[in-house]
Amino acid sequence: MDNHSAHEDNLNKSSITLLGGVAMGTGVMIGAGIFALTGQIAELAGPLFPLSFVAGALITALASYSYIKMSNAWPSSGGIAMILQKAYGPGVVAASASVLMAMSMVINESLVARTFATYALRPFGLEENALLISGLALGLIVFAYLVNAAGNRSVSGFSLVMSAIKVGGIAVFAVAAIWASGLFAGAFTEPASLSNGEALLASVAFSILAFKGFTTITNSGGEIVDPHKNVGRTIMISIAVCIVVYLLVALAVGSSLSIGEIVQARDYSLAAAARPALGDLGFYFTVAIAISATTSGVIASVFAVSRMLTMLTEMKMIPHSHFGMKGGIRSHMLVYTVVIAGTLAVLFDLSRIASLGAFFYLVMDMLVHWGVFRSLRKEIGARASVLLTALAADAVVLAAFTAAKLKSDPAVVSYAVIGIAAVFVAEWIFLSGQRRETNTDSIENKVESGSGDHDRP
Numbered sequence: 058m059d060n061h062s063a064h065e066d067n068l069n070k071s072s073i074t075l076l077g078g079v080a081m082g083t084g085v086m087i088g089a090g091i092f093a094l095t096g097q098i099a100e101l102a103g104p105l106f107p108l109s110f111v112a113g114a115l116i117t118a119l120a121s122y123s124y125i126k127m128s129n130a131w132p133s134s135g136g137i138a139m140i141l142q143k144a145y146g147p148g149v150v151a152a153s154a155s156v157l158m159a160m161s162m163v164i165n166e167s168l169v170a171r172t173f174a175t176y177a178l179r180p181f182g183l184e185e186n187a188l189l190i191s192g193l194a195l196g197l198i199v200f201a202y203l204v205n206a207a208g209n210r211s212v213s214g215f216s217l218v219m220s221a222i223k224v225g226g227i228a229v230f231a232v233a234a235i236w237a238s239g240l241f242a243g244a245f246t247e248p249a250s251l252s253n254g255e256a257l258l259a260s261v262a263f264s265i266l267a268f269k270g271f272t273t274i275t276n277s278g279g280e281i282v283d284p285h286k287n288v289g290r291t292i293m294i295s296i297a298v299c300i301v302v303y304l305l306v307a308l309a310v311g312s313s314l315s316i317g318e319i320v321q322a323r324d325y326s327l328a329a330a331a332r333p334a335l336g337d338l339g340f341y342f343t344v345a346i347a348i349s350a351t352t353s354g355v356i357a358s359v360f361a362v363s364r365m366l367t368m369l370t371e372m373k374m375i376p377h378s379h380f381g382m383k384g385g386i387r388s389h390m391l392v393y394t395v396v397i398a399g400t401l402a403v404l405f406d407l408s409r410i411a412s413l414g415a416f417f418y419l420v421m422d423m424l425v426h427w428g429v430f431r432s433l434r435k436e437i438g439a440r441a442s443v444l445l446t447a448l449a450a451d452a453v454v455l456a457a458f459t460a461a462k463l464k465s466d467p468a469v470v471s472y473a474v475i476g477i478a479a480v481f482v483a484e485w486i487f488l489s490g491q492r493r494e495t496n497t498d499s500i501e502n503k504v505e506s507g508s509g510d511h512d513r514p
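Just add 57 to wherever you are in the sequence shown, counting from 1, and you've got my numbering.
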């Protein structure tokens, strides 16, 4: 029995229903996409920012093809790690790309946790208080740990309830705001130009980051009911739900605020849009929906990344130490996940870290597509044209995003390059050590075996 089979046998495969999986996926996507990234997307794309969400959805749908094909063939609760290992073997590339994915997910948790804190403090005029934001963000991450520690059904059930509340609530907000302001108001009265196509393309990197929550479903594939059928369905339904929600909100925010106002209120743009369109009642309603959305987003993301790190550990792709803690690897990884996310949420400027998340995710995604195209497309029946189109789309967006950041914030590009290189070097050192230990053990076993043969009469 291989590592994947052993791992899945240890999990309750049927603990997440189709509806629960959709709730988990949309929980991560909507938590990051609307409440944390709308302002940054609008800043780059201008009045055309709703188109950025459409482009992000199309590229994500293309990207999901690789993941769905692989998940249908081999459902796994370490989904992306499994895909990469089958594509590249248990070496540096597979391990490093898996770590990049995990890092982008932890960054997402921190970003959304700080967004939660900003919305929660906005009614009191305290959204600029860095200490309070850090404290509340950390509190949410600890709460996410407690929910996850209670088990899979708690995560699935909680995500389902919160997703229903926020999707319905956001739809009410968006329709009411559009009704009050009209479609042709606010940012949509400003001149729009396609001449700055590079900035619009760059904004798609953030839009893709807003949709990447579908990988939460891939990473929990082995725990979804009837995974061979339902993983693909869950991913496509989640993307479809999210694009509808994103477009409604983009139209609502854009019709209520100018681009300058959206950028100024980037951390709480929905709340800022609600007040002029819907008054104080709409403002408080939107804050409540934002709090529920970001809460479910962090919970779902913690669930997925802790499972992914567990798979990496069991596949001996990353080092592990229990530091004296009781319980299994999964419970340890849950602790490590929330500790890292909490540290990021407290210490760092997460608008910059969001950019790092985009770099890490796009590089990992391109490695997935190339690996599946190169090694596995015939085995899983995947079309080369779709895989290469997804790879090219990622490459174009990554190039535009890099160019935009080199102009506005060249340091973050340097950090991304250094971070990605550090991951590959660290994995090379770790895996080289693993191989040396394996070779040493093999030699010792042969020596002992030889000695035994020699001792025989």
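Beta carbons: idealized from backbone N, C-alpha and C, even for Gly.
Check	Outcome
Are three or more beta carbon pairs between the segment 231-247 and the segment 314-330 nearer than 8 Å?	yes
Start and end of the alpha helix (DSSP H) containing Asn253?	No alpha helix (DSSP H) contains Asn253, which DSSP labels as neither H nor E.
Would you mind giving the Cβ-Cβ distance between Thr400 and Arg387, rounded to the nearest angstrom? I have them listed as a contact below 8 Å.	Actually they are not in contact, since the Cβ atoms of Thr400 and Arg387 sit about 21 Å apart, beyond 8 Å.
Determine the closest residue to Ile296 out of Thr117, Pro107, Phe92, Ile73, with distance taken between C-alpha atoms.	Thr117
Three-state secondary structure (DSSP) at Ile281?	strand
Would you list, in sequence order, the uninterrupted alpha helix (DSSP H) runs of no fewer than 4 residues that lie entirely inside the segment 173-235?	187-206
State the DSSP-derived secondary structure class of Ile91, mapped to helix, strand or coil.	coil
At 4 residues or longer, and completely inside the segment 377-414: list those alpha helix (DSSP H) runs for me, N to C.	386-404
According to the Cβ coordinates, are Ile346 and Gly226 closer than 7 Å?	yes
Using three-state DSSP, classify Thr74 as helix, strand or coil.	coil
Taking 7 Å as the cut-off, decide whether the C-beta atoms of Ser238 and Ser128 are in contact.	no
Tell me which residues share the same chain as Leu183 and place their Cβ nearer than 7 Å to its Cβ, disregarding the 5 neighbours each side in the sequence.	Leu189
Quick check: the Cα distance between Ala331 and Ala468, rounded to an integer number of angstroms?	35 Å
Quick one: Cα of Met162 to Cα of Leu338, how far?	34 Å
Are Leu448 and Met423 closer than 7 Å when you measure CB to CB?	yes
When you compare each of Gln97, Ser109, Lys143, Ala114 to Leu433 by their alpha carbons, which one comes out closest?	Lys143
Do Ile410 and Glu280 have their CB atoms nearer than 7 Å?	no
Using DSSP with H/G/I as helix, E/B as strand and the rest coil, what is Tyr303?	helix
What separation, rounded to the nearest whole angstrom, lies between the Cα atoms of Leu369 and Leu335?	48 Å
Is the segment 288-307 close to the segment 92-107, with three or more CB pairs under 8 Å?	yes
Taking the alpha-carbon positions, what's the Ile348 to Ala456 distance?	34 Å
If you count every other CB in all the chains shown that lies within 10 Å of the CB of Lys126, and 16 or more means buried, which is it?	buried
Skipping 5 residues on each side, what residues in its chain have a beta carbon closer than 7 Å to that of Tyr202?	Val359, Leu391, Val395
What does the Cβ neighbour count give for His285, buried or exposed, with the cut at 16 atoms within 10 Å?	exposed
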